[in-house]
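**Student:** Below is a structure I'd like to ask you about.
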Amino acid sequence: MKVLAIGASRNIGYFATLNLLKAGNTVVFQLRNVSAFDDDAEMQPFVKSGQAKLVKGDALVQEDARTAWTEANADGVPVDVVLLTVGGAAKFTLTKGFVINPPNLCTSALVNILSVIPHDLSTQPKIVAVTSNGITAKSHQGIPFLAKGFYALITVPHADKLGMEKAIHWSAGWPWKEEQPEAHILPQGWQEQLGGKPGWLKSVVVVRPAILTDGEEVGKYKVGQEIPGLWTVSRKDVGHFISNDVLKDWSKWEGKAVSVGY
Numbered sequence: 174m175k176v177l178a179i180g181a182s183r184n185i186g187y188f189a190t191l192n193l194l195k196a197g198n199t200v201v202f203q204l205r206n207v208s209a210f211d212d213d214a215e216m217q218p219f220v221k222s223g224q225a226k227l228v229k230g231d232a233l234v235q236e237d238a239r240t241a242w243t244e245a246n247a248d249g250v251p252v253d254v255v256l257l258t259v260g261g262a263a264k265f266t267l268t269k270g271f272v273i274n275p276p277n278l279c280t281s282a283l284v285n286i287l288s289v290i291p292h293d294l295s296t297q298p299k300i301v302a303v304t305s306n307g308i309t310a311k312s313h314q315g316i317p318f319l320a321k322g323f324y325a326l327i328t329v330p331h332a333d334k335l336g337m338e339k340a341i342h343w344s345a346g347w348p349w350k351e352e353q354p355e356a357h358i359l360p361q362g363w364q365e366q367l368g369g370k371p372g373w374l375k376s377v378v379v380v381r382p383a384i385l386t387d388g389e390e391v392g393k394y395k396v397g398q399e400i401p402g403l404w405t406v407s408r409k410d411v412g413h414f415i416s417n418d419v420l421k422d423w424s425k426w427e428g429k430a431v432s433v434g435y
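Quick note on numbering: our numbering labels position 185 of the sequence shown as 358, and the sequence is numbered without any gaps.
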């Protein structure tokens, strides 16, 4: 399996792709800094062998997304999976809680990579996109009461994740039952950028983690569509879920938005 990974230099994407590499798969990384793995003892053997290929680029630049897609397919072996785990370093402010810059970081990265995938491929790549638990009305209702204070501090990043989901729902032809994303989140002309016709995206899974921690991988977590009562989940366990469950049992998860947590 060949995976094009966007935003996988660290955290969920890193742990998922490291698992995939260890299992014998090939991963093409789009990285703003191609030296990101220079001192990484676990990743270096895969880089040196060519099993991990590094492509310089910024997920916020559409032409860089096009270059990543082109380079990932340059050897004639098509990309099987596009993994999007872009995330920004959030900063805390007294007036808005945690903020990211730009505020539509994840949405823009998603629109860029989806816009360069040809719609007429005989077999489209599988898309795995990581958003967040609690961004839909139903999943927010299921958040434990004591956790809702923290969720109130991450409304800005969640507005970005909602934009991601809107773009995915439109592209996949899924019904949209949530509030509309804030006007500045989805790039102007995003529907035309994605081809102008909804329903073209055939194979996608959305992963919605609970509050993320730096805990260890335990390999045991709850998964389901908008399941209530989720508190936290480690980034390593989300990576484990993607590499060891979603991609190994695609037919079980395809076409679903799945929450994961403890």
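Think of the CB as a built atom: it goes at the ideal place given N, C-alpha and C, for glycine as much as any other residue.
(1) Between the Cα of Ile308 and the Cα atoms of Asn198, Glu390 and Ile384, which residue gives the shortest distance?
(2) Is the segment 349-356 touching the segment 397-408 in the sense that three or more CB pairs, one from each, lie closer than 8 Å?
(3) Who are the near neighbours of Ser182 in its chain, counting only those whose CB is closer than 6 Å to its CB and skipping five residues on each side?
(4) Is Val201 closer than 8 Å to Glu244 when the C-beta atoms are compared?
(5) Within the continuous alpha helix (DSSP H) that includes Ile415, where are the two ends?
(6) Measuring straight from C-alpha to C-alpha, what distance separates Gly197 and Ile286?
(7) Just curious, the beta strand (DSSP E) that Thr266 is in, first and last residue?
(8) Check this for me: beta carbons of Arg381 and Ser312, under 8 Å apart or not?
(9) For my contact list, Ile290 and Trp343 are in at a C-beta cut-off of 8 Å; report their separation, rounded to the angstrom.
(10) What residue range does the beta strand (DSSP E) around Lys299 cover?
(11) What residues match up with Ala225 in a beta bridge as DSSP calls it?
(12) Can you name, in chain order, every residue of its own chain whose Cβ lies under 8 Å from the Cβ of Pro276, other than the five neighbours on each side?
(13) Per DSSP, what are the beta-bridge partners of Lys195 in this structure?
**Tutor:** Answer, in terms of the structure:
(1) Along the sequence shown, read from residue 1 onward, the residue named residue 308 stands at position 135. Of Asn198, Glu390 and Ile384, the residue nearest in Cα terms is Ile384.
(2) No, the segment 397-408 is not in contact with the segment 349-356.
(3) On the sequence shown, residue 182 is found 9 positions in, with the first residue counted as 1. Closer than 6 Å at Cβ, skipping near neighbours: Leu204 and Ala209.
(4) On the sequence shown, residue 244 is found 71 positions in, with the first residue counted as 1. On the sequence shown, residue 201 is found 28 positions in, with the first residue counted as 1. Result yes, Cβ atoms of Glu244 and Val201 sit closer than 8 Å.
(5) As a working mapping, residue 415 is identified with position 242 in the sequence shown. For Ile415, no alpha helix (DSSP H) segment is defined, and its DSSP state is neither H nor E.
(6) As a first step, residue 197 is located in the sequence shown; it is residue number 24 there, counting from the start. As a first step, residue 286 is located in the sequence shown; it is residue number 113 there, counting from the start. Roughly 25 Å separates the two Cα atoms.
(7) In the sequence shown, residue 266 corresponds to position 93, counting from 1. From DSSP, the beta strand (DSSP E) with Thr266 extends over Lys264 to Thr266.
(8) By 1-based counting over the sequence shown, the position of residue 381 is 208. By 1-based counting over the sequence shown, the position of residue 312 is 139. Yes, the Cβ-Cβ distance between Arg381 and Ser312 is below 8 Å.
(9) For the purposes of this step, residue 290 is taken as residue 117 along the sequence shown, with counting starting at 1. For the purposes of this step, residue 343 is taken as residue 170 along the sequence shown, with counting starting at 1. That pair is no contact at about 15 Å.
(10) In the sequence shown, counting from the first residue as 1, residue 299 sits at position 126. Where Lys299 is concerned, the enclosing beta strand (DSSP E) stretches over Lys299 to Val303.
(11) The sequence position of residue 225 within the sequence shown is 52, counting from 1. Its beta-bridge partners are Val200.
(12) As a position in the sequence shown, residue 276 is number 103, starting the count at 1. The answer, listed in chain order, is Val329, Ala332, Asp333, His357 and Ile358.
(13) Reading the sequence shown from its first residue, position 22 is the one you call residue 195. Its beta-bridge partners do not exist; DSSP assigns none.
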